[in-house]
Amino acid sequence: FSNGIMSEKAQVMQAMPQPLVILHFNDVYNIDEQQKEPVGGAARFASMIKSLNDPLVLFSGDAFNPSTLSTVTKGKQMPPILNAFGVKVACIGNHDFDHGLEPLAGLLESCDFPWLLSNVFDADTGLPLGGAMETHVLDWQGRRIGLMGLVEPDWMATLAAIEEDAIKYVDFVEQGTRLAEELRGKGCDFIIALTHMRVPNDLLLAENV
């Protein structure tokens, strides 16, 4: 009798969805350890990721610049590191464009995961700037997760390597609302907006979408 109860309990536990562990980070252009706390460094961060229970690793931009090392490598040191971290999806940050569109395209191709930019478009082609994707759907641990990448309007003025008239910006609340509906239509259980914005705009997005 007790074995039967335990068996039923085990079946119920197996049927219940496991907690979804999400690890999110941004701005990782400095990868070396410091001499004192916070020591940081890519190696320590990678060890921390491995200590977690199969996390969904998400990144919100600014990997390829600015740093002293990136002025020499043009950001080429970062794709292998981001791949080693197990990043599944990323949003492009403003400083990722610092070396220009062509170098950025090569950097994105070196990554094992998609990069998103959902509300900034090439004015000529109408496609997401930098060869990014508008949205991505990820099946993860029995859940369907829809992702988008949104940035704030002030982001535009910081694109030193790109002329402002070469790009088209769409309001992040407007675009977030449209894409959320689109992703729900694709059967997504969860929708995540990866953003490269300041907290007030993140809150504005959360309150209105």
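So in UniProt numbering, spot 160 of the sequence shown is number 160, and the numbers just go up one at a time.
Even for Gly, the Cβ is constructed at its ideal location relative to N, Cα and C.
What you are looking at is a predicted structure, and each value in this text was computed from that prediction instead of being measured.
| query | result |
| --- | --- |
| Beta-bridge pairing of residue 169 - partner residues as DSSP gives them | 120 |
| Those runs of the beta strand (DSSP E) which lie wholly inside the region 12-66 and span at least 3 residues | 22-25 and 56-59 |
| Strand pairing of residue 177, partner residues [DSSP] | According to DSSP, which records beta bridges pairwise, residue 177 is partnered with nothing at all. |
| Close beta carbons around residue 170, own chain, < 6 Å, minus the five adjacent residues each side | 119 |
| Cα-Cα separation, residue 173 to residue 104 | 26 Å |
| Pairwise C-alpha distance: residue 53 and residue 45 | 15 Å |
| Coil, strand or helix - residue 159 by DSSP | coil |
| Identity of the residues DSSP links to residue 144 by a beta bridge | 139 |
| Top-ranked residue by Cα proximity to residue 100, from 195, 27 and 158 | 158 |
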